[in-house]
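Asks:
Number of protein chains: 2
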Amino acid sequence: MDAAEFRVRGKEIVDMVADYLENVQKRPVYPAVQPGYMRQLLPEAAPETAESWEDVIGDIERVIMPGAANPACTELEMIMMDWLGKMLDLPEQFLFCSGGKGGGVIQGSSSETTLICLLAARNQAILREKEANPALSEADIMAKMVGYCSDQAHSSVIRAGLFGAVKIVLLPTDEQQSLRGETLAHAVQKSKAEGLIPIFVCATLGTAFSCAFDNIEELGPVCSRERMWLHIDASYAGSAFICPEFRYLLSGVQFADSFNVSPHKLMRVTFDCSALWLKDSSKLVNTFNVDSALLMHHDGEGKITDYRHWQIPLARRFRSLKLWFVLRLHGVNGLQEYIRQHVKFAHEFETLVLTDRRFEIVGQVVLGLVCFRLKDSNAVNEQLLQRIIQDGRIHLVPSKIGNTYFLRFVVCSPDAGSKNVQFAWAVITELATDLLKDKKY
Amino acid sequence: MDAAEFRVRGKEIVDMVADYLENVQKRPVYPAVQPGYMRQLLPEAAPETAESWEDVIGDIERVIMPGAANPACTELEMIMMDWLGKMLDLPEQFLFCSGGKGGGVIQGSSSETTLICLLAARNQAILREKEANPALSEADIMAKMVGYCSDQAHSSVIRAGLFGAVKIVLLPTDEQQSLRGETLAHAVQKSKAEGLIPIFVCATLGTAFSCAFDNIEELGPVCSRERMWLHIDASYAGSAFICPEFRYLLSGVQFADSFNVSPHKLMRVTFDCSALWLKDSSKLVNTFNVDSALLMHHDGEGKITDYRHWQIPLARRFRSLKLWFVLRLHGVNGLQEYIRQHVKFAHEFETLVLTDRRFEIVGQVVLGLVCFRLKDSNAVNEQLLQRIIQDGRIHLVPSKIGNTYFLRFVVCSPDAGSKNVQFAWAVITELATDLLKDKKY
Numbered sequence: 247m248d249a250a251e252f253r254v255r256g257k258e259i260v261d262m263v264a265d266y267l268e269n270v271q272k273r274p275v276y277p278a279v280q281p282g283y284m285r286q287l288l289p290e291a292a293p294e295t296a297e298s299w300e301d302v303i304g305d306i307e308r309v310i311m312p313g314a315a316n317p318a319c320t321e322l323e324m325i326m327m328d329w330l331g332k333m334l335d336l337p338e339q340f341l342f343c344s345g346g347k348g349g350g351v352i353q354g355s356s357s358e359t360t361l362i363c364l365l366a367a368r369n370q371a372i373l374r375e376k377e378a379n380p381a382l383s384e385a386d387i388m389a390k391m392v393g394y395c396s397d398q399a400h401s402s403v404i405r406a407g408l409f410g411a412v413k414i415v416l417l418p419t420d421e422q423q424s425l426r427g428e429t430l431a432h433a434v435q436k437s438k439a440e441g442l443i444p445i446f447v448c449a450t451l452g453t454a455f456s457c458a459f460d461n462i463e464e465l466g467p468v469c470s471r472e473r474m475w476l477h478i479d480a481s482y483a484g485s486a487f488i489c490p491e492f493r494y495l496l497s498g499v500q501f502a503d504s505f506n507v508s509p510h511k512l513m514r515v516t517f518d519c520s521a522l523w524l525k526d527s528s529k530l531v532n533t534f535n536v537d538s539a540l541l542m543h544h545d546g547e548g549k550i551t552d553y554r555h556w557q558i559p560l561a562r563r564f565r566s567l568k569l570w571f572v573l574r575l576h577g578v579n580g581l582q583e584y585i586r587q588h589v590k591f592a593h594e595f596e597t598l599v600l601t602d603r604r605f606e607i608v609g610q611v612v613l614g615l616v617c618f619r620l621k622d623s624n625a626v627n628e629q630l631l632q633r634i635i636q637d638g639r640i641h642l643v644p645s646k647i648g649n650t651y652f653l654r655f656v657v658c659s660p661d662a663g664s665k666n667v668q669f670a671w672a673v674i675t676e677l678a679t680d681l682l683k684d685k686k687y
Numbered sequence: 247m248d249a250a251e252f253r254v255r256g257k258e259i260v261d262m263v264a265d266y267l268e269n270v271q272k273r274p275v276y277p278a279v280q281p282g283y284m285r286q287l288l289p290e291a292a293p294e295t296a297e298s299w300e301d302v303i304g305d306i307e308r309v310i311m312p313g314a315a316n317p318a319c320t321e322l323e324m325i326m327m328d329w330l331g332k333m334l335d336l337p338e339q340f341l342f343c344s345g346g347k348g349g350g351v352i353q354g355s356s357s358e359t360t361l362i363c364l365l366a367a368r369n370q371a372i373l374r375e376k377e378a379n380p381a382l383s384e385a386d387i388m389a390k391m392v393g394y395c396s397d398q399a400h401s402s403v404i405r406a407g408l409f410g411a412v413k414i415v416l417l418p419t420d421e422q423q424s425l426r427g428e429t430l431a432h433a434v435q436k437s438k439a440e441g442l443i444p445i446f447v448c449a450t451l452g453t454a455f456s457c458a459f460d461n462i463e464e465l466g467p468v469c470s471r472e473r474m475w476l477h478i479d480a481s482y483a484g485s486a487f488i489c490p491e492f493r494y495l496l497s498g499v500q501f502a503d504s505f506n507v508s509p510h511k512l513m514r515v516t517f518d519c520s521a522l523w524l525k526d527s528s529k530l531v532n533t534f535n536v537d538s539a540l541l542m543h544h545d546g547e548g549k550i551t552d553y554r555h556w557q558i559p560l561a562r563r564f565r566s567l568k569l570w571f572v573l574r575l576h577g578v579n580g581l582q583e584y585i586r587q588h589v590k591f592a593h594e595f596e597t598l599v600l601t602d603r604r605f606e607i608v609g610q611v612v613l614g615l616v617c618f619r620l621k622d623s624n625a626v627n628e629q630l631l632q633r634i635i636q637d638g639r640i641h642l643v644p645s646k647i648g649n650t651y652f653l654r655f656v657v658c659s660p661d662a663g664s665k666n667v668q669f670a671w672a673v674i675t676e677l678a679t680d681l682l683k684d685k686k687y
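So the sequence lines, in the order shown, correspond to chains A and B. Per our numbering, residue 247 is the first one in the first sequence, and the count goes up by one each step. Per our numbering, residue 247 is the first one in the second sequence, and the count goes up by one each step.
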């Protein structure tokens with residue numbers, strides 16, 4: 247949708263809201279629908295091709311209004327999480343439509359999803375250890391718990407450990423910044439030898455530092471064998487798995503207990519919308535369920551999911567609406583195309599870097615992130631970034647792997663084109679030339 | 247703003263957004279401002295009377311755009327939290343403008359604020375106990391920690407305890423459902439005699455069950471003496487403290503370490519917007535700060551607050567904008583008037599209940615919530631609620647204190663008037679008459 251169409255559609259929405267406000271007293275106070283009503287009204291999967299604005303907006307009255315805020319808010323979220331899960335080709339166990347214990351939920355951020363999965367893992371382990379050894383107190387067990395992630399993982403994993411009072415061990419990665427199964431297996435043996443209880447692994451697909459991928463096909467069997475909760479954080483990279491050519495990066499997801507991707511990062515959904523799927527949601531619900539008389543007056547009697555037990559806050563926003571709009575207005579094809587463009591820009595930039603002998607690529611360009619640096623000291627690269635900031639024409643964020651400082655290039659704007667890539671590279675090379683000249687004298 | 251004006255203003259905003267999108271490439275990539283720039287551009291306090299739409303919307307370009315998302319998002323939030331804190335007559339220690347360690351932050355829900363304050367309390371206590379006795383391990387200390395709230399507190403306090411692995415003791419309340427100082431003092435003595443370490447008290451101002459108020463003037467000195475973190479949860483009731491006649495309910499806030507109110511509940515701000523103030527924010531920051539190289543490239547060198555260390559997620563939305571709009575478009579007077587109307591409706595309903603000898607009031611009507619019941623068994627009152635739900639003309643939620651089941655009436659819609667109160671009462675009495683007649687035969 248371009249700005250011109252946004253002017254028209256936006257104003258239609260303003261009128262819709264005003265009409266609603268003016269007539270809200272004529273609407274029923276209680277929805278007349280039965281829990282589960284929405285499944286009959288919506289297709290089982292997202293449309294392959296884009297739908298028209300009229301079709302999408304018309305469904306507000308047809309699909310949402312009869313179910314008002316409740317149960318519509320919950321039911322649309324359940325259906326959207328199934329749609330998105332199918333787009334990602336997640337194993338059916340993760341979906342509501344399997345009829346099992348699996349399902350998805352929208353959270354605000356990947357940090358929250360990592361934390362709640364760690365808490366569920368902790369709870370599961372306490373129950374198991376207590377059953378195995380009733381003499382142990384909860385505190386005894388907690389003191390021995392340990393979780394793992396790679397030294398490339400996001401700081402939110404360490405934070406989750408701090409909040410949940412679970413020690414997190416950072417494990418070294420291979421030359422591709424990937425955490426390997428053998429490294430994990432050794433760490434687990436070491437922990438157990440120290441009397442610790444391994445409970446949780448957070449694997450990252452698409453690290454923030456350099457968009458590296460942990461090897462979940464190797465990590466998965468270790469987690470299964472050692473009965474550790476495997477959480478996959480694919481916050482940025484996960485959206486790309488809707489393209490068949492990138493889906494291989496998710497091989498091994500069948501071993502995971504939970505999987506997270508943030509459609510607000512690479513799938514055109516506005517912030518915040520972080521999607522989490524669980525293979526067995528009862529493990530989360532059992533951790534979070536503190537029922538209060540105030541909240542128990544008329545539930546859907548087990549027919550619908552009670553998302554308040556799936557998260558830290560109790561109240562919820564209607565975030566599935568924006569996911570519904572994006573999936574239908576673009577269609578699966580349109581979103582795949584969007585991601586392919588994003589990756590194409592990265593490779594265009596990569597090619598430019600490779601043709602300039604003063605520069606080098608750091609790591610591999612797999613999706614939209616290009617890590618690069620001058621073939622020079624860290625100090626010179628830091629100076630280059632400072633000049634880019636002072637110049638003010640483009641914005642880059644640096645990173646470091648081991649002792650190697652580098653710059654990160656990524657195309658973020660949905661309206662960006664090849665000319666922006668070329669412009670950015672022209673700015674970088676111009677400033678690099680000046681810097682290297684100044685350095686000489 | 248009525249629906250007719252919303253049509254006009256909403257469409258102006260749509261055009262503003264479209265203009266922004268069409269011209270965003272002409273705007274500077276980096277803001278040209280210095281950290282702290284916004285304080286010079288905005289008044290030190292919220293306006294007493296409503297400002298015009300033109301003045302408010304004009305400030306987007308004047309105040310926000312020069313600071314873009316960063317630092318504008320942080321700086322507006324700091325200023326709004328000071329504005330709101332002054333409206334509530336919070337001690338200056340809680341405000342940024344004191345120049346000390348105090349300040350406020352917007353979170354998504356009261357559940358989150360309770361949790362992060364509990365985590366900060368836990369961290370503070372671990373540091374203190376370790377210093378006092380270096381032989382103790384963190385796990386030893388954690389196993390002994392205990393927090394307190396009343397048996398009327400929201401389930402989110404118990405959940406926070408579960409998440410943070412801190413045992414929470416529910417304390418009995420007096421005949422007004424108020425937690426008293428002596429009760430807490432006794433509980434603390436008992437805990438200490440059992441070898442436990444008291445670290446946290448969550449006092450509630452305006453409980454969800456019946457809008458009861460804990461006695462913070464009594465609880466405060468106990469917390470100070472025992473070096474426990476005192477958190478005040480005034481999620482619903484807190485907004486009322488902007489009216490001088492209700493401010494007495496907050497007496498004792500000077501003893502608190504943290505104070506929470508949710509302007510999305512009673513101050514016309516849309517969900518979500520939950521405000522938290524801390525007397526010493528460094529206690530929170532020290533708990534949450536896990537710095538990553540990615541996030542450290544150009545900070546405001548201590549001149550601005552780094553809110554990512556004040557919350558569970560790292561990313562943030564620009565929620566202070568809606569607070570800014572509401573405070574200016576209504577003015578302090580307008581919001582006070584709104585709250586007074588809300589309370590007036592409650593008293594109007596209370597009077598109706600008191601004039602019907604079949605009914606009784608439960609507890610006290612202090613703000614907008616009226617708790618009432620038929621002078622009959624719980625079963626009959628449960629039947630009345632069932633008939634109200636089946637009837638479908640109004641919506642009520644029940645509650646229970648001890649063994650007494652009752653119904654809760656509260657006016658929520660900003661557009662509600664006396665006629666809605668009268669209508670609701672007519673429905674309730676009609677259905678009660680039918681019920682009591684059916685019961686007789």
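Just so you know, even glycine gets a beta-carbon here, dropped at the ideal spot from N, CA and C. Small disclaimer: the values here were computed from a predicted structure and weren't measured.
Which whole runs of the beta strand (DSSP E) in the segment 325-357 of chain A are 3 residues long or more, in chain order?
Replies: 349-353
Asks: My output table needs one value for TYR651 (chain B): the three-state DSSP class, helix, strand or coil.
Replies: strand
Asks: Would you mind sorting SER527 (chain B) into buried or exposed? The rule is 16 or more other CB atoms within 10 Å of its CB.
Replies: buried
Asks: Whole angstroms is fine: what's the gap from ARG514 (chain A)'s alpha carbon to VAL572 (chain A)'s?
Replies: 7 Å
Asks: So for ILE634 (chain B), helix, strand or coil by DSSP?
Replies: Residue state, collapsed to three classes: helix.
Asks: Pull up the CB-CB distance for ARG374 (chain B) and ILE325 (chain B), whole angstroms please, since I reckon it's below 8 Å.
Replies: Wrong, their Cβ atoms sit about 33 Å apart, outside the cutoff.
Asks: Establish whether the CB of ILE640 (chain B) and some CB of chain A are separated by less than 8 Å.
Replies: yes
Asks: Going along chain B in order, which residues have a C-beta closer than 9 Å to the C-beta of LYS243 (chain A)?
Replies: Outside the displayed range of chain A (247 to 687) lies residue 243 (chain A), so it cannot be described from this structure.
Asks: Can you give me the start and stop residues for the beta strand (DSSP E) that GLY393 (chain B) sits inside?
Replies: 391-396
Asks: Strictly under 8 Å for the Cβ-Cβ distance: is PRO418 (chain B) near chain A by that measure?
Replies: no
Asks: Counting only beta-carbon separations shorter than 8 Å, does ARG405 (chain A) have a partner in chain B?
Replies: Yes, ARG405 (chain A) lies at the interface with chain B (some Cβ there is under 8 Å from its Cβ).
Asks: Out of B:ILE310, B:ARG554, B:LEU451, B:LEU631, state which residue places its alpha-carbon closest to the alpha-carbon of LYS568 (chain B).
Replies: B:ILE310
Asks: Report yes or no: do the segment 392-405 of chain B and the segment 446-453 of chain B share at least 3 C-beta pairs separated by less than 8 Å?
Replies: In the pairwise beta carbon analysis, the segment 392-405 of chain B is classified as touching the segment 446-453 of chain B: at least three pairs are separated by under 8 Å.
Asks: Confirm, please, whether the CB-CB distance from PHE446 (chain A) to HIS400 (chain A) is below 8 Å.
Replies: In this structure, PHE446 (chain A) does not lie closer than 8 Å to HIS400 (chain A) by Cβ.
Asks: Measuring straight from C-alpha to C-alpha, what distance separates ASN532 (chain A) and CYS343 (chain A)?
Replies: 21 Å
Asks: Between LEU287 (chain B) and the ligand GTP, is there a pair consisting of the residue's CB and a ligand heavy atom that are separated by less than 7 Å?
Replies: Ligands are entirely absent from the displayed structure, and the ligand GTP is therefore not among its contents.
Asks: Tell me whether ALA662 (chain A) sits in a helix, a strand or coil according to DSSP, three-state version.
Replies: Three-state DSSP puts ALA662 (chain A) in coil, outside helix and strand.
Asks: Distance cutoff 8 Å, beta carbons only. Does LEU267 (chain A) sit that close to anything in chain B?
Replies: yes
Asks: By DSSP's criteria, LYS413 (chain B) is part of a beta bridge. Which residues make up the other side?
Replies: B:VAL392
Asks: Quick check: ALA486 (chain A) and ILE352 (chain A), are their CB atoms within less than 8 Å of each other?
Replies: no
Asks: Start and end of the beta strand (DSSP E) containing THR450 (chain B)?
Replies: 443-450
Asks: Give me the subset of the segment 377-401 of chain B whose CB atoms are less than 9 Å from a CB atom of chain A, sorted by chain position.
Replies: SER383, GLU384, ALA385, ASP386, MET388, ALA389, LYS390, HIS400, SER401
Asks: Can you confirm whether GLU547 (chain A), when its beta carbon is compared against all beta carbons of chain B, has any partner nearer than 8 Å?
Replies: Any reading at GLU547 (chain A) needs caution, since the residue's pLDDT is 45, under 50, leaving its predicted position unreliable; the model's value is listed next. Not one chain B Cβ lies under 8 Å of GLU547 (chain A).
Asks: Taking DSSP's pairing of strands, which residues face GLU606 (chain A) in a bridge?
Replies: A:ARG619
Asks: Within 8 Å (strictly less), CB to CB, does LEU373 (chain A) reach chain B?
Replies: The beta carbon of LEU373 (chain A) sits no closer than 8 Å to any beta carbon of chain B.
Asks: Using a threshold of 8 Å, state whether the C-beta atoms of HIS510 (chain A) and PHE501 (chain A) are closer than that.
Replies: No, the Cβ-Cβ distance between HIS510 (chain A) and PHE501 (chain A) is not below 8 Å.
Asks: For the candidate residues B:PHE534, B:ASP552, B:LYS621, B:VAL667, whose alpha-carbon lies nearest to that of LYS590 (chain B)?
Replies: B:VAL667
Asks: What's the call for LYS529 (chain B), buried or exposed, on a 16-neighbour Cβ count within 10 Å?
Replies: Buried.
Asks: Are the beta-carbon atoms of LEU598 (chain A) and LEU630 (chain A) separated by less than 8 Å?
Replies: no
Asks: Thinking C-beta only, is GLY349 (chain A) closer than 8 Å to MET327 (chain A)?
Replies: yes
Asks: HIS543 (chain A) to ASN649 (chain B), Cα distance in whole Å?
Replies: Caution applies to HIS543 (chain A), whose pLDDT of 47 falls short of 50 and renders its modelled position unreliable; the model cannot decide the point.
Asks: Mapping the DSSP letters down to three states, classify VAL272 (chain A) as helix, strand or coil.
Replies: Before going further, note that residue 272 (chain A) is Lys rather than Val in the sequence given. LYS272 (chain A): helix per DSSP, three-state reduction.
Asks: In angstroms with no decimal places, state the Cα-to-Cα distance between PHE669 (chain A) and GLY580 (chain B).
Replies: Each residue's Cα considered, the two are about 51 Å apart.
Asks: Alpha carbon to alpha carbon, what distance is there between ASN316 (chain B) and THR679 (chain A)?
Replies: About 30 Å.
Asks: Who are the Cβ neighbours of ARG565 (chain A) in its own chain at under 8 Å, not counting the five residues just before and after it?
Replies: Excluding residues within five positions, the ones whose Cβ falls inside 8 Å are GLU323, ILE352, ASP518, CYS519.
Asks: Just to make sure I have the definition right: I need the residues of chain A whose C-beta is within less than 9 Å of the C-beta of TYR584 (chain B). Which are they?
Replies: Near TYR584 (chain B) there are no residues of chain A at all, since even the closest Cβ is about 17 Å away, more than 9 Å.
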